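Reviewing the structure listed below.
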Amino acid sequence: MPPIRAICFDLDGTLYDLPKMKRRLWASMLRHPRVLTAWQKETEAVRGQRHTDIHGWVAEKVAAQVGMETSKAAAIIQKVIFETYPSKFHPNHLLPGLQELFEELDQRGIPRAVVSDHPVEKKLEGLAQSGGWACRIDCSALGAMKPLPDGLFKAAEAMRLNVKELVLIGDRENTDGEMASAAGIPALIRHRDWHSATDLRLALLRMMGQQ
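Numbering-wise, the sequence shown is residues 155 to 365 according to this note's numbering.
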């Protein structure tokens, strides 16, 4: 196996606690419960499929489910999921110890990337983590959400590396784990391989020390 030369991080549920953040959407859920429930269902359903416009495809499916115009469903999704939710992010929501891990990686000259299913810029800005990334990949913009490996290949291309030189840090076996497997690289999954930033640091050092 080639040596690990860069680290890719999932965002949602990996850089912050997803269940706690979801509770901040409850007020919006109460206003649009059917639309947002359908959005979650259809977003999961599109995994493993390639579409030129994932957000448009999901909005159409949601609109059909709840019986409203696609434009109205799309507007609700855009407002709640991609504007209101990211606006709730704060630097304190970053998992404890990750800032120090990022700084150590930077000092060691190990590039790091974000590979997420959704737009990342507003969330990273809210977490005070806009800087330091070698690249930021939104898999939905590629038309290939996890577990499809396209996002990892795009990250490798952006960093001018072979995809085999990457490791993926995530929180879901069926998305991050299977994405890494499809690309032929290792993954470290939260609550399976690590529980804290300290655990993650040690797991990475062991992994990289074996190269």
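A virtual CB, placed ideally from N, CA and C, is assigned to each residue, including glycine. Fair warning: this is a prediction, and the values are worked out from it, not measured in the lab.
In this structure, does DSSP put glutamine 364 in helix, strand or coil? Reliability fails at glutamine 364, whose pLDDT of 48 lies under 50, so the model's placement of it is uncertain and no value is given.
Inter-residue Cα distance where the pair is lysine 242 and serine 270: 18 Å
Following the continuous alpha helix (DSSP H) through isoleucine 343, name the residue where it begins and the one where it ends. No alpha helix (DSSP H) contains isoleucine 343, which is instead part of the beta strand (DSSP E) from 341-343.
Determine the extent of the alpha helix (DSSP H) in which leucine 179 is found, giving its start and end residues. In the DSSP assignment, leucine 179 falls outside any alpha helix (DSSP H), carrying neither H nor E.
Taking the beta strand (DSSP E) that valine 317 belongs to, which residues open and close that run? Careful: valine 317 lies outside any beta strand (DSSP E) and carries neither H nor E.
Per-residue DSSP class, three states only, for alanine 309: Alanine 309 sits in a helix when the DSSP states are folded into three classes.
Between the region 295-315 and the region 256-270, can you find at least three pairs of beta-carbon atoms closer than 8 Å? yes
C-alpha gap between serine 335 and arginine 201, whole angstroms: 15 Å
Spatial distance of isoleucine 230 from histidine 247 (CA atoms): Between isoleucine 230 and histidine 247, the C-alpha separation is close to 25 Å.
So valine 268 is in the beta strand (DSSP E); what residue range does that whole segment cover? First-last of the beta strand (DSSP E) with valine 268: 266-270.
Applying the 10 Å Cβ sphere with the 16-neighbour rule, what's the burial state of glutamine 203? exposed
Phenylalanine 163 (DSSP reduced to helix, strand or coil): strand
So what's leucine 169 in DSSP terms, helix, strand or just coil? coil
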